[in-house]
DNA sequence: CTATATTTGTGCGTATGTATG
DNA sequence: ACATACATACGCACAAATATA
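Chains as they are written, first to last, in my numbering: chain X, 1 to 81; chain Y, 82 to 162.
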């Protein structure tokens, strides 16, 4: 179970972003992330919301995305700390 | 090693186009290019992606394609004047 | 002209990310 | 936050053009 709480203190996209970030930090998520539509179903949100979350992670330098390919976790070493 | 970088800043078809253009400029590629499907295997992309790349090179005037025959590098002299 | 091999060209479906309403 | 349309990318199969025997 990984659904967000619509009444939670944060917006849905923030909750999803934090959840994915946690997976990256623990090493649970490496390489290519599951596709956005799959994550949307997992978190019980719309695909666009997941996109918003990934944009946040991209802004933090945690992931990079490529059309037609997927979203990839940036190596911790490449993040400089 | 000639495969495209899935984390690269450019699309796969752009990376392939630039790689082939570099070979043409260095003279490594002359006459007829390897067939598209061979290039696809070499760069680790789909044939359709190579087609897209060759379309870009054709647009730059670097190559010409003849159906059933192959894709040929345009002579530098023909491009420079 | 027929047959075969090689190479390019096209269509369909599917996965994934991007942009807009 | 949601739905829709569009671009990039992959895989497969078939058609068309060319070269060779």
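C-beta: ideal position from N, C-alpha, C; glycine also.
| Leaving out five residues before and five after residue 157 of chain Y in sequence, what residues of the same chain have Cβ atoms less than 8 Å from its Cβ? | none
| request: List the residues of chain X whose Cβ lies closer than 9 Å to the Cβ of residue 153 of chain Y, in chain order. | output: By Cβ distance, chain X contributes nothing, its closest Cβ being about 29 Å from residue 153 of chain Y, past 9 Å.
| message | Using only CA atoms, which one of X:24, X:12, X:38, X:11 lies nearest to residue 64 of chain X? | response | X:24
| task | Whole angstroms is fine: what's the gap from residue 101 of chain Y's alpha carbon to residue 31 of chain X's? | result | 28 Å
| Who are the near neighbours of residue 132 of chain Y in its chain, counting only those whose CB is closer than 8 Å to its CB and skipping five residues on each side? | 117
| Using a beta-carbon distance below 8 Å, is residue 67 of chain X in contact with chain Y? | yes
| field | Length of the line joining the Cα atoms of residue 119 of chain Y and residue 90 of chain Y | value | 24 Å
| Taking the alpha-carbon positions, what's the residue 147 of chain Y to residue 134 of chain Y distance? | 16 Å
| task | To the nearest angstrom, report how far apart residue 22 of chain X and residue 47 of chain X are at their CA atoms. | result | Each residue's alpha carbon lies about 20 Å from the other.
| said: Let me make sure I understand the geometry here. Which of X:45, X:43, X:42, X:74 has the alpha-carbon closest to that of residue 60 of chain X? | reply: Cα-wise, what sits closest to residue 60 of chain X is X:74.
| Is residue 107 of chain Y buried or exposed, if buried means 16 or more other CB atoms sit within 10 Å of its CB? | Looking at its Cβ environment, which holds fewer than 16 other Cβ atoms inside 10 Å, residue 107 of chain Y is exposed.
| With a CB to CB cut of under 8 Å and the five nearest residues on each side skipped, what residues in its chain are close to residue 34 of chain X? | 42
| Quick one: does the C-beta of residue 116 of chain Y sit closer than 7 Å to a heavy atom of the ligand GTP? | As presented, the structure is devoid of all ligands, the ligand GTP included, so that no description of it is given.
| Hey, quick one: how far does the alpha helix (DSSP H) through residue 64 of chain X stretch, first residue to last? | Where residue 64 of chain X is concerned, there is no enclosing alpha helix (DSSP H), although the beta strand (DSSP E) it sits in stretches over 63-66.
| query | Taking residue 84 of chain Y as the reference, which of Y:143, Y:121, Y:159 has the closest Cα? | reply | Y:121
| Does the separation of the CB atoms of residue 17 of chain X and residue 57 of chain X fall below 8 Å? | Yes.
| request: Report all residues from its chain with a CB closer than 6 Å to the CB of residue 13 of chain X; omit the five preceding and five following residues, and keep chain order. | output: Around residue 13 of chain X, the same chain offers 49, 52, 53 as residues with beta carbons nearer than 6 Å, after the five sequence neighbours per side are excluded.
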